[in-house]
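Visitor: The sequence shown maps to residues 40 to 219 in our numbering. Beta carbons: idealized from backbone N, C-alpha and C, even for Gly.
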Amino acid sequence: MLFRVFKIWYLLLNFYYKTQIKCDIDNLSLPECDVAIDSAICISNGQKILLPEAKPYGISAHINFDSITAVDSTGNRNHALGNFFASTGFGSVGNSALFRKNYIYIPHSDEFFKSVDFTYTFFIYLLEDEISVKNNTDEKFCPIIHKGIIKDKIQESSPAIMINAKVKNTKTIFKHKKLF
């Protein structure tokens, strides 16, 4: 019996090393669906039923940071692009993303902002480790969420929620400015 277990373990390990996938984090592709179904899937004569996650009315995107990519779990394909470090949530509950000098963004979609009214829901925890303290020497506001672009001479980034991590103040911007 022990030999049989060892043989199975050896075959699985051998298969793993032969089929190991190299991961290129900078060139990740977003998952594509082979089949899209709006209702449940029944397997084994109805003995097993697979149901999609509940989707509240009007939701455009839900990113829960439980993967190496920021995938929209609503099925609307509003996947975010950019790099982050996925981890467990605060207190080892749920999922979280660590952003340090990086960000994610959701490309423009006519479906994403169908109306003028929209809501973002998120929780933020500011790290107070050595690296974060060194990065917070300036008293400047950094964007948490903003719509639009920020480039050298053009700033079209409203609405926006910004934070000054040094003094832990936030501000909300409702109008945009163009700087020339």
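Mapping the DSSP letters down to three states, classify Asn-141 as helix, strand or coil.
Guide: coil
Visitor: By DSSP, does Cys-62 sit in helix, in strand, or in coil?
Guide: With a pLDDT of 47 at Cys-62, under the threshold of 50, the modelled position of this residue cannot be trusted; read the value that follows with caution. Residue state, collapsed to three classes: coil.
Visitor: Tell me which same chain residues have a C-beta within less than 7 Å of the C-beta of Asn-141, skipping the five on either side of it?
Guide: Within the same chain, Asn-141 has close Cβ partners Gly-121, Asn-122 and Phe-123.
Visitor: Quick check on the DSSP output: the alpha helix (DSSP H) that includes Lys-87 runs from which residue to which?
Guide: Unbroken run through Lys-87 is the beta strand (DSSP E), 87 to 89; no alpha helix (DSSP H).
Visitor: Classify Ile-183 as helix, strand or coil using the three-state DSSP reduction.
Guide: strand
Visitor: Can you tell me whether DSSP reads Ser-131 as helix, strand or coil?
Guide: In the structure shown, Ser-131 sits in a helix (DSSP, three-state: H, G or I).
Visitor: Assign Asn-117 to buried or exposed, taking buried as 16 or more other Cβ atoms, counted over all protein chains shown, within 10 Å of its Cβ.
Guide: Under this definition Asn-117 is a buried residue.
Visitor: Nearest to Pro-198 by CA position, among Lys-186, Ile-82 and Ala-136, is which residue?
Guide: It is Lys-186.
Visitor: How is Ser-126 classed by DSSP in three states: helix, strand or coil?
Guide: Ser-126 falls in the strand class under three-state DSSP.
Visitor: Roughly how many angstroms separate the alpha carbons of Ile-202 and Ser-131, rounded to a whole number?
Guide: 25 Å
Visitor: Leaving out the 5 sequence neighbours to the left and right, which residues in its chain are closer than 8 Å to Cys-181 when beta-carbon positions are compared?
Guide: Met-201, Ile-202, Asn-203 and Ala-204
Visitor: If you draw a straight line from the C-alpha of Phe-104 to the C-alpha of Pro-146, how long is it?
Guide: The alpha-carbon atoms of Phe-104 and Pro-146 are separated by roughly 17 Å.
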